[in-house]
Amino acid sequence: MLFHTIPEILSYANEAYGADDAIRWKKSKNEIESRTYSELKNDTDSFANAIEKLGKKGQHIAVIGPSSYEWIVSYLAITESGSVAVPIDASLPAADICELLDRADVRMLIFDEARSDVAEAAGLIDDNRGSYEPAVAEDALCTIMFTSGTTGKSKGVMLTQNNLAENATCLDMKIGPHTVILSVLPIHHAYCLSMDILKGISLGSVICINDSIMRMAKNIQLFTPDMILMVPLMIETFARKLEEVRAAGLPAEPVRKKMFGERLHTICSGGAYLNPDYVDLFAEFRYTDW
385 MLFHTIPEIL
395 SYANEAYGAD
405 DAIRWKKSKN
415 EIESRTYSEL
425 KNDTDSFANA
435 IEKLGKKGQH
445 IAVIGPSSYE
455 WIVSYLAITE
465 SGSVAVPIDA
475 SLPAADICEL
485 LDRADVRMLI
495 FDEARSDVAE
505 AAGLIDDNRG
515 SYEPAVAEDA
525 LCTIMFTSGT
535 TGKSKGVMLT
545 QNNLAENATC
555 LDMKIGPHTV
565 ILSVLPIHHA
575 YCLSMDILKG
585 ISLGSVICIN
595 DSIMRMAKNI
605 QLFTPDMILM
615 VPLMIETFAR
625 KLEEVRAAGL
635 PAEPVRKKMF
645 GERLHTICSG
655 GAYLNPDYVD
665 LFAEFRYTDW
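If you read the sequence shown in our numbering, its first letter stands for residue 385, the second for the next number, and so on.
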């Protein structure tokens, strides 16, 4: 189904999958916490109310921090309120972050406690409970996303509601609702935001947050995903391990389950060129590559 704004995506998901899990994350070593699509919509509406009451509706609002439920709610609320979201790389030095905030004309900052060196803020959701009726135009500026700056100074790319919503929903990947996705990429990147988060929500997927790339293998066993989006460098790392398994003559099925869990069947690659030989390699272990 094709959508033209981000609020349309969230409203549809709430109506179609309200009681189903939307987001899961690790609360402690082996404990998972979750929120349903209805809870996601309610929290987003409440924070959109807070943005409006603070007088920041329509302004540029930055969000910084690692992948989290709160990050997702913040981004959705910014875009639902008709404001402009500015996702910032949480790993940047404070001075670089401040420069990006200035260049993007940011008037409000939402941040994770790990980046308290940048500013201080307080949670506002509980104080602003209530529904929110979004009124955003398809061609309205929605997000300013900074490039990585590998070839020079990072550039702020201006994206509309329609840019992001249609990019996320234009392709029918034949993925059914309740598909469990493990989100392992940086959430401030376009690939993760569009395909893990926005597309995942539009499909009624269960989006599981990987808290650290160093714990990815353990989190695969914990969340037992059906699908993971990766960049080629990550796929190449796993491919080398599979090549070692093949060379050693070890049985594929036990190794497959140990590396990728009981349910994983699809790995999506994006962001750079992927050697097509890896598609055949992963197919030997019963995985589909997109």
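Glycine is no exception: its CB is placed at the ideal position from the N, C-alpha and C atoms. Note that this is a predicted model, so its numbers are computed, not measured.
| Item | Value |
| --- | --- |
| For R670, which residues in the same chain have their Cβ closer than 6 angstroms to its Cβ, ignoring the five residues on either side in sequence? | none |
| Pull up the distance between the alpha-carbon of E646 and that of M529, whole angstroms please. | 36 angstroms |
| Pull the bridge partners of E417 from the DSSP assignment, please. | W409 |
| To the nearest angstrom, how far is it from the Cα of C652 to the Cα of A636? | 21 angstroms |
| Identify the continuous alpha helix (DSSP H) that holds C526 and give its terminal residues. | Premise fails: C526 lies in the beta strand (DSSP E), L525 to F530, not in any alpha helix (DSSP H). |
| When you compare only the Cα positions, how much space is there between A549 and F387? | 6 angstroms |
| Does C554 come out as helix, strand or coil in the three-state DSSP assignment? | coil |
| Measuring CB to CB, does P561 end up less than 8 angstroms from Y401? | yes |
| Pick out the complete beta strand (DSSP E) segments inside the stretch 416 to 481, 3 residues or longer, and give them in chain order. | 444 to 448 and 468 to 472 |
| Terminal residues of the continuous beta strand (DSSP E) containing I612? | M611 to M614 |
| So, M611 versus T650, is the Cβ gap smaller than 8 angstroms? | yes |
| Applying the 10 Å Cβ sphere with the 16-neighbour rule, what's the burial state of L634? | exposed |
| Please state whether DSSP places R370 in a helix, a strand or coil. | Outside the shown range of the chain (385 to 674) lies residue 370, about which nothing can therefore be said. |
| Is there contact between the stretch 590 to 610 and the stretch 463 to 482, where contact requires at least three CB pairs shorter than 8 angstroms? | no |
| D661: buried (16+ other C-beta within 10 angstroms of its C-beta) or exposed? | exposed |
| Starting from S493, follow the beta strand (DSSP E) in both directions and report where the run begins and ends. | Ser is not the amino acid found at residue 493; the sequence shown has Leu there. L493 -> beta strand (DSSP E) spans V490 to F495. |
| May I ask which residues mark the beginning and end of the alpha helix (DSSP H) holding S395? | I390 to Y401 |
| Considering only their Cβ atoms, is the gap separating L485 from A446 smaller than 8 angstroms? | yes |
| By DSSP, does M579 sit in helix, in strand, or in coil? | helix |
| Would a C-beta distance cut-off of 8 angstroms place I448 and I407 closer than the cut-off? | no |
| Which of the three DSSP states is assigned to G564 in this structure? | For the record, residue 564 in the displayed sequence is Val; it is not Gly. Three-state result, V564: strand. |
| Rounded to the nearest angstrom, what separates M492 and H444 at their Cα positions? | 7 angstroms |
| Let me check one thing: in DSSP terms, what residues is V541 bridge-paired to? | M529 |
| Does the distance from the C-beta atom of S412 to that of I435 stay below 8 angstroms? | no |
| Taking 8 angstroms as the threshold (C-beta atoms), are P609 and V639 in contact? | no |
| Taking C-beta to C-beta, are A397 and I559 nearer than 8 angstroms? | no |
| Check whether the Cβ atoms of W409 and Y459 lie closer than 8 angstroms to each other. | no |
| Return helix, strand or coil for A503, following the three-state DSSP convention. | Only weak support is given to the placement of A503: the predicted model assigns it a pLDDT of 38, under 50, and the question is left unresolved by the model. |
| With H, G and I counted as helix, E and B as strand and the rest as coil, what does DSSP make of V520? | coil |
| Spell out the partners DSSP gives I591 in its beta bridges. | I407 and I565 |
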